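>
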Amino acid sequence: MRRKLYLLLFAAYLLFLLDLVFFAEYFGRTQIGQEYSYNLIPFREIGRFAAMWSVPRYRFAALYNLAGNVAAFLPFGLFLPLLWKRTRHFVTVVLCTLCFSLAIETVQLIFRVGSFDVDDLILNTLGGAAGYLLYFTWGLIRRKRG
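As structure tokens, then:
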């Protein structure tokens, strides 16, 4: 019964994530009349947003981009090991998160929705790793309570 609940929550999360990434117009996903942008240089956008942190009026944009990309993939890293035994290893979760994020970024590039950004791959993968660490920590706590 618990696994079915996790599957339902995971499916809802994936639908929400895909809607956010591909269809959320209020996040600038549709760039009609604009030239498509992409970033292939690691840490370029991360550095730009980190520098924005020092300007109070841009702080929210910096926090939204940096923390948002991490937070968006945290559930991915948490749900994988809860649902499938084969993904109960840190490296497996990190690689699955990287591949899923790369697939999303590639679709964005092909269909020119949002923007392809290698820094998103880095932040999303970090989020998946953080999700796995939550899963692992939660397991340790449950074992100690016994």
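Mapping the sequence shown onto this note's numbering, position 141 (from 1) lands on 122, and the numbers just tick up by one.
For every residue, glycine included, the Cβ atom is placed at its ideal position computed from N, Cα and C.
As the structure is a prediction and not an experimental result, all values here were calculated from the model.
Taking 6 Å as the limit between beta carbons, can you name the residues of its chain near Y(-13), skipping five residues before and five after?
Against the sequence shown, residue -13 aligns to sequence position 6. Closer than 6 Å at the Cβ level, and outside the excluded window around Y(-13), lie L63, L64.
> Can you check the segment -15 to 69 for any alpha helix (DSSP H) of at least 4 residues that lies completely inside it and give the ranges in chain order?
25 to 33, 40 to 64
> Have a look at the DSSP bridge pairing and note the partners of F97.
In the sequence shown, the residue the question calls residue 97 occupies position 116. Beta-bridge pairing by DSSP links F97 to Y19.
> If I measure Cβ to Cβ from I27 and keep anything under 8 Å in the same chain, skipping five residues before and after, which residues do I get?
Along the sequence shown, read from residue 1 onward, the residue named residue 27 stands at position 46. Excluding positions up to five away in sequence, the list reads L47, D100, I103, L104.
> Which residue from R25, A31, F57 puts its Cα closest to that of L(-4)?
The count along the sequence shown starts at 1 and reaches residue -4 at position 15. Ranking the options by Cα distance to L(-4), first place goes to F57.
> Near I85, which residues of its chain fall below 6 Å by C-beta distance, leaving aside the five closest residues on each side in sequence?
As a working mapping, residue 85 is identified with position 104 in the sequence shown. Cβ neighbours of I85 beyond the five flanking positions: V2.
> Is the distance from the Cβ of T78 to the Cβ of G109 below 7 Å?
For this step, residue 78 is matched to residue 97 along the sequence shown. For this step, residue 109 is matched to residue 128 along the sequence shown. Taking 7 Å as the Cβ cut-off, T78 and G109 qualify as a contacting pair.
> Roughly how many whole angstroms lie between the Cα atoms of G112 and A(-8)?
Against the sequence shown, residue 112 aligns to sequence position 131. Against the sequence shown, residue -8 aligns to sequence position 11. Taking the straight line from one Cα to the other gives about 16 Å.
> Just the C-alpha distance for T118 and R40, rounded to the nearest angstrom, thanks.
Start at 1 with the first residue of the sequence shown, and residue 118 comes out as number 137. Start at 1 with the first residue of the sequence shown, and residue 40 comes out as number 59. T118 and R40: Cα-Cα distance of roughly 31 Å.
> Under 7 Å, do A43 and F30 count as touching if we go by C-beta distance?
As a first step, residue 43 is located in the sequence shown; it is residue number 62 there, counting from the start. As a first step, residue 30 is located in the sequence shown; it is residue number 49 there, counting from the start. Their beta carbons are under 7 Å apart, which means A43 touches F30 by this criterion.
> For a quick check, are the C-beta atoms of L115 and L76 less than 7 Å apart?
Residue mapping note: residue 115 aligns to position 134 of the sequence shown, counting from 1. Residue mapping note: residue 76 aligns to position 95 of the sequence shown, counting from 1. Cβ distance not < 7 Å, so L115 and L76 don't count as in contact.
> For F4, count neighbouring C-beta atoms within 10 Å of its own C-beta (all shown protein chains included) and say buried if the count is 16 or more, exposed if not.
For the purposes of this step, residue 4 is taken as the residue at position 23 of the sequence shown. Its Cβ having fewer than 16 others within 10 Å, F4 is exposed.
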